[in-house]
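This report concerns only the one structure given below.
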Amino acid sequence: MASIRPLSDALGCEITGIDLARDLDDPTFGTIEAALHEHLVAVLPGQRLQPNDFMAFARRFGQPEPHVIDQFHHPADANILILSNVLKDGEPIGLADAGTYFHTDYSYLAVPARCTMLYAIDVPARGAGTTFANQRRAWEDLPADTRARIDGLVCRHHYGNRDDLDEASRTAASRLSAAQQARMDWVRHPLVRRHTHTERPALYAVSGSSFGIEGMDDVEAIALLDDLKAHATHPRYRYTYDYRPGDVIIWDNAALLHAAPLVDMSRPRTLWRITIKDPGPTL
Ligand code: SIN
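Note that our numbering numbers the sequence shown so that position 114 is 118, with each residue one more than the last.
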């Protein structure tokens, strides 16, 4: 029997009593999906999954989209990206820094991510969690005149971190090869996005891949995005989840920003990640 407990005032819940290695019946999956839509982050602790179990669960949410950084795909399934700061024979076994700045997954693609899920394999006990910020609440708290001014604006997005374009920096977006860069293009998304499943509005990707606003001078656009980012990442909207081995975490990319921690190599951290596409474009 599933039991749901909120994790913070800002966002997140823990769901216990579900074994993801077994086939989930539709009501049980519906419980997880409803909790995700309500709390935006859902953690299912104590799982023991093989790549095919993790993949089967992920597919219940939609179609997976392999990450553009293809050198760290799991050998059992390219839809699983290995996140890791571990070296084997001097070579990284995974992507060490998967966005150590506030961003939302795949906002640099025309069809962005519905949700992302991680399965924690080997994680430090403390200080290595992902930080989330609730963009639905950040939108709801804006003054009415600001909401009226920004609703309907369309942002221009590209792979990268608007605030740090130095490829050598750990707070820049992970470096792409020339071939990977060639697959990236400018895309458009609403600044205030209606959720595909709940239709609830939220600020969308005001940090990370948003580099401009259509019909607005770039200086004015960046100033507006920076103001919105400062509001939307205020500690009152944030929650950091510290992983334990066996955790599965799912987050809703349409209504959250998130940031990975900076963890040095003396503290091994390995998780598997699957990202599920939204069913359609955002505009
Ligand atoms: C991510 O943004 O997918 C990475 C999250 C993390 O490593 O904490």
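C-beta atoms are modelled at their ideal positions from N, C-alpha and C, and glycine is treated no differently.
Exercise. Count the other CB atoms, across all protein chains shown, that sit within 10 Å of the CB of P116; report buried if there are 16 or more and exposed otherwise.
Key: P116 counts as buried, since no fewer than 16 other beta carbons sit within 10 angstroms of its beta carbon.
Quiz item: So what's V90 in DSSP terms, helix, strand or just coil?
Solution: Residue state, collapsed to three classes: coil.
Quiz prompt | Under 8 Å between C-beta atoms of L214 and L229 | solution = Looking at the sequence itself, residue 214 is Ser, so the reference to Leu does not match. A contact, by the Cβ cut-off of 8 Å.
Quiz item: Within 10 angstroms of its Cβ, does P283 collect 16 or more other Cβ (buried), or is it exposed?
Solution: By the C-beta density criterion, P283 is exposed, having fewer than 16 other C-beta atoms within 10 angstroms.
Quiz item: With C-beta atoms as the reference, is Y241 less than 8 Å away from R151?
Solution: No.
Quiz item: When the Cα of P49 is compared with those of I8, I84, N89 and D13, which residue comes out closest?
Solution: Checked all of I8, I84, N89 and D13; the closest Cα to P49 is I8.
Quiz item: Is the CB of A258 under 8 Å away from at least one CB in chain B?
Solution: Considering every chain present, this structure includes no chain B. It has just one protein chain.
Exercise. Please confirm if the segment 145–165 is in contact with the segment 186–196, defined as three or more CB-CB distances below 8 Å between the two stretches.
Key: Verdict: yes, contact present.
Quiz item: The alpha helix (DSSP H) with A209 in it runs from where to where?
Solution: Counting along the chain, A209 sits inside no alpha helix (DSSP H), nor does DSSP assign it H or E at all.
Quiz item: Looking only at its own chain, which residues have a Cβ that is under 8 Å from the Cβ of P261, when we skip the five neighbours before and after it?
Solution: First, the residue type needs correcting, since residue 261 is Leu and not Pro in the sequence shown. Answer for L261: F106, H107, T108, F136, A137, Q139, A209, V210, S211, G212, A236 and T237, listed in chain order.
Quiz item: Should R118 be counted as a contact of ligand 1 given a C-beta to heavy atom distance under 7 Å?
Solution: At a cut-off of 7 Å, the beta-carbon of R118 does not count as near ligand 1: no heavy atom of the ligand is closer than that.
Self-check item: As assigned by DSSP and simplified to three states, the class of E3
Solution: Here the chain comprises residues numbered 5 to 287, so residue 3 is not present and cannot be evaluated.
Quiz item: Under the rule that 16 or more other beta-carbon atoms within 10 Å means buried, what is M121, buried or exposed?
Solution: Classification of M121: buried, given that the 10 Å Cβ count is 16 or more.
Quiz prompt | Ordered list of beta strand (DSSP E) runs contained in the segment 131–193, each at least 3 residues | solution = Within the segment 131–193, the complete beta strand (DSSP E) segments at least 3 residues long are 134–138 and 158–161, listed from N- to C-terminus.
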